[in-house]
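Chemist: Quick note on numbering: my numbering labels position 27 of the first sequence as 44, and the sequence is numbered without any gaps. Just dropping this structure here.
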Amino acid sequence: MSVFEKPATEVAPLLLGGLLIVDDVVLRITEVEAYLGIGQDPGSHAYNRRGPKNNTMFGPPGHLYTYFTYGMHVCSNVVCSPLGEASAVLLRAGEIIDGIEIARMRRLTSRVDADLARGPARLTVAMAIGLDDDGSDLATSRVRLELPDTPAPHETSLRTGVSGPGGTEPFAWRYFIPGDPTVSPYKRWQPKKKTL
DNA sequence: CATTAGATCGTCT
DNA sequence: GACGATCTAATGA
């Protein structure tokens, strides 16, 4: 029974202040979001049914779930809940605390160090995580996760960019370390513009 | 600081 | 055909 066998909403705050380690780059997690499973969370990839796209979310907890979105971005999650149930914690932002020169090379567009991993797709690029890493074990694979000894103080808010029934996100499942410069700005969901 | 548009493609309707 | 757990560059206040 690992800590990851609990629902993502319980695991999420435990990750704050934890470390994500890939080769020589170390990231301190400062912002995450929880997503639940079938029928529980309209914003989740696993809301409707299990399928090829979201299969990893139903896999063993403590593994990595990476997905491709917006035609060009990859985001990283930690799979939670017991095997066969779907929930995951999206890694939204963090602070590079080691290997920062490597991270800078990977993110040439970022002009400030605080922006290196500020946002889920940015974080994934800075850590050189890819779709190939989907499903890998965070305890034994190239991508490692270490939980903090003592949980970091945190706040919660609505999730960013997530639509809900009627356009309103109903769940305050974004967890972040308040005041940290690497936490991404909250953006509420808004409908796409129409091309006249 | 705020808002806008464009990029780009797998999945779903 | 539309849209998404996004990001960047450009433009306006």
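All C-beta atoms in this analysis are idealised placements derived from N, C-alpha and C, irrespective of residue type, glycine included.
Check for me: the alpha helix (DSSP H) holding Thr173 runs from which residue to which?
Modeler: Not the alpha helix (DSSP H): Thr173 falls in the beta strand (DSSP E), residues Glu172 to Ser174.
Chemist: Distance check for Asn65 and Ala134, CA to CA, integer angstroms please.
Modeler: 30 Å
Chemist: From Leu44, Gly76 and Ile38, pick the residue whose C-alpha is nearest to that of Thr157; which is it?
Modeler: Ile38
Chemist: For the putative contact between Leu155 and Leu148, defined by C-beta atoms under 8 Å, what is the C-beta separation to the nearest angstrom?
Modeler: With a Cβ gap of about 16 Å, Leu155 and Leu148 do not count as contacting.
Chemist: In terms of alpha-carbon separation, which member of Val106, Thr141 and Val179 lies closest to Ile113?
Modeler: Thr141
Chemist: Of the choices Leu108, Tyr52 and Thr47, whose alpha-carbon is the least far from that of Ala169?
Modeler: Thr47
Chemist: Look up Ser104 in the DSSP assignment and give the residues it is bridged to.
Modeler: Beta-bridge pairing links Ser104 to Cys97.
Chemist: Tell me the residue span of the alpha helix (DSSP H) that contains Val28.
Modeler: Ala25 to Leu32
Chemist: Considering Thr141, what are the terminal residues of the alpha helix (DSSP H) in which it resides?
Modeler: Pro137 to Ala143
Chemist: Assuming Ala25 contacts Ala110 (C-beta within less than 8 Å), just tell me the rounded distance between them.
Modeler: About 17 Å; that fails the 8 Å criterion.
Chemist: Using a Cβ-Cβ cutoff of less than 7 Å, which residues in the same chain neighbour Leu31 once the five nearest sequence positions on both sides are dropped?
Modeler: Val20, Leu164 and Pro168
Chemist: Measuring CB to CB, does Met144 end up less than 8 Å from Val49?
Modeler: Contact: no.
Chemist: Go to Arg191, then tell me how far its beta strand (DSSP E) extends in each direction, as first and last residue.
Modeler: Arg191 to Phe193
Chemist: Tell me whether Asp132 sits in a helix, a strand or coil according to DSSP, three-state version.
Modeler: helix
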